[in-house]
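Enquirer: I have a structure here, written as structure tokens, and I will follow up with some questions on it.
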Amino acid sequence: MAFKACITIIAAVYAVQILCGADENSVYTTTETLDEDFDYSSSCMYPVMHIANNDSLAINCTMECGSYLNDSMPCVNMTSPPLDYNRTSTNYTCTVGSCNNGTCPSKNETVPCWI
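So the sequence shown is residues -15 to -1, 1 to 100, counted in mature numbering (1 follows the signal peptide of the UniProt record, and there is no 0).
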């Protein structure tokens, strides 16, 4: 009896997959569609330092494309020791600031941070 129930369930799942169009090519079609929907070539990135609670601070308040980040966005005013991109395992102490017209004036607050 249990064997018949298993065969019936497997047949039903197989039939649903066929009716819904789940085949090998459907994964590729979905991926291709998603890639076509988004244009990443015009994105404008900016570097960050990571802090607790899965949050981040902008390094500098200027994006790679030359635009300024939004005013009041949290940023890194300075790090101790001085920031070195070659030392990715180093823990830093970041002085937190708030972006203001492309600059990062200090808020006199420090937090642990890392690249």
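For glycine and all other residues, C-beta sits at the position ideal for the given N, C-alpha and C.
1. Leaving out the 5 sequence neighbours to the left and right, which residues in its chain are closer than 8 Å to Val33 when beta-carbon positions are compared?
2. Note down, in chain order, each residue of its chain lying with its Cβ closer than 6 Å to the Cβ of residue 115, except the 5 sequence neighbours on either side.
3. Under 6 Å Cβ to Cβ from Leu54, same chain only, skipping five residues before and after it: list those, please.
4. Beta strand (DSSP E) containing Met63: first to last residue?
5. Should Asp56 and Asn86 be called a contact, given that it needs their Cβ atoms to be closer than 9 Å?
6. Starting from Pro90, trace the beta strand (DSSP E) both ways and give me its first and last residue.
7. Here's the rule: buried if 16 or more other CB atoms are within 10 angstroms of the residue's CB, otherwise exposed. What is Thr73?
8. Figure out for me which residue from Met30, Asn39, Thr64 has the closest Cα to the Cα of Glu49.
9. Let me know if Gly82 comes out buried or exposed under the rule of 16 or more other beta-carbons within 10 Å of its beta-carbon.
Expert: The short version:
1. The residue labelled residue 33 in the question sits at position 48 within the sequence shown. Only Ser41, Leu42, Ala43, Ile44 meet the Cβ criterion.
2. With the chain represented from -15 up to 100, any question about residue 115 goes unanswered, as that position is not in the structure.
3. Counting from one through the sequence shown, the residue named residue 54 turns up at place 69. So the qualifying residues of the chain are Ala43, Cys46, Cys84.
4. Taking the first residue of the sequence shown as 1, we reach residue 63 at position 78. 59 to 65 is the extent of the beta strand (DSSP E) around Met63.
5. Locating residue 56 in the sequence shown gives position 71, counting from the first residue. Locating residue 86 in the sequence shown gives position 101, counting from the first residue. Between Asp56 and Asn86, the C-beta gap is smaller than 9 Å, which places the two residues in contact.
6. Stepping through the sequence shown from its first residue, residue 90 is reached at position 105. Segment: none, Pro90 is in no beta strand (DSSP E) and carries neither H nor E.
7. Here residue 73 corresponds to residue number 88 of the sequence shown, with the count starting at 1. Thr73 should be labelled exposed.
8. Within the sequence shown, residue 49 is the residue found at index 64, counting from 1. If we check each option's Cα against that of Glu49, Met30 comes out closest.
9. Position 97 of the sequence shown, counting from 1, holds the residue named residue 82. By the neighbour-count rule (16 or more Cβ atoms within 10 Å), Gly82 is buried.
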